[in-house]
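Asker:
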Amino acid sequence: FSNKARVEAMWEEFRAFWLNPRDPAHRELLERYGVDYVIVPQLFMRPESFARMFRWRLPLPEYMVYDVTAVAELPYLELVFDRDGAQVYRVRRTP
Numbered sequence: 001f002s003n004k005a006r007v008e009a010m011w012e013e014f015r016a017f018w019l020n021p022r023d024p025a026h027r028e029l030l031e032r033y034g035v036d037y038v039i040v041p042q043l044f045m046r047p048e049s050f051a052r053m054f055r056w057r058l059p060l061p062e063y064m065v066y067d068v069t070a071v072a073e074l075p076y077l078e079l080v081f082d083r084d085g086a087q088v089y090r091v092r093r094t095p
C-alpha cells in the first residue's frame, strides 16, 4: 500500500483522541486534518446493542476503554445528531 506509514501515524493520532479526548491538543489535531464531524458509534454508548447488530467483524478490543462520555463535554464539539446511542458532533472551528 502506498503511504501506509503515513496512514498508520494518522491512525495513532486519532486513537490518542479516543483514549484521552480531554487533551486540549486534540482540537488542533481535528482542525489540522480538516475533520468536520466526530462520530460516536452506537456500540460505544450502548454496548448491549452489539448482539442485535449486523457486523462483519468484532470491534477493536480497546474500544471499551475509550472515554466516549468526555466527547460530550468538549467545548469545541456540538452535538448535531443523537439516535439510539449513535452520536454525531460538529467540530467548531477556532475563530
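Under the working numbering, residues 1 to 95 are what the sequence shown spells out, in order.
All residues carry an ideal CB built from backbone N, CA and C; glycine is no exception.
Keep in mind the model is a prediction, meaning the values are calculated, not measured.
(1) Using the DSSP secondary-structure output, state which residues sit across from Q87 in a beta bridge.
(2) Who are the near neighbours of E78 in its chain, counting only those whose CB is closer than 7 Å to its CB and skipping five residues on each side?
(3) Distance, Cα to Cα, L30 vs G85?
(4) Rounded to whole angstroms, what's the CA-CA distance from D67 to A16? Just pull it up for me.
(5) Would you give the residue range spanned by the alpha helix (DSSP H) that R93 belongs to?
(6) Rounded C-beta distance between V35 and Q87? I'm assuming under 8 Å.
(7) Tell me whether the beta-carbon of V71 lies closer than 9 Å to the beta-carbon of P21.
(8) According to DSSP, is L30 part of a helix, a strand, or is it coil?
(9) Is S2 a contact residue of the ligand FAD, with contact defined as CB to any heavy atom under 8 Å?
(10) Starting from V117 and walking both ways along the alpha helix (DSSP H), at which residues does that stretch end?
Answerer: According to the structure shown:
(1) V40 and D82
(2) Y89, R90 and R92
(3) 22 Å
(4) If you take the alpha carbons of D67 and A16, they lie about 10 Å apart.
(5) Neither: R93 is in no alpha helix (DSSP H) and is coded neither H nor E.
(6) Their Cβ separation, rounded to whole angstroms, is 15 Å, which puts V35 and Q87 out of contact at 8 Å.
(7) yes
(8) helix
(9) Summarising the ligand content, the structure contains no ligands, and the ligand FAD is consequently not present.
(10) The displayed coordinates of the chain run from 1 to 95. Any statement about residue 117 would go beyond what the structure contains.
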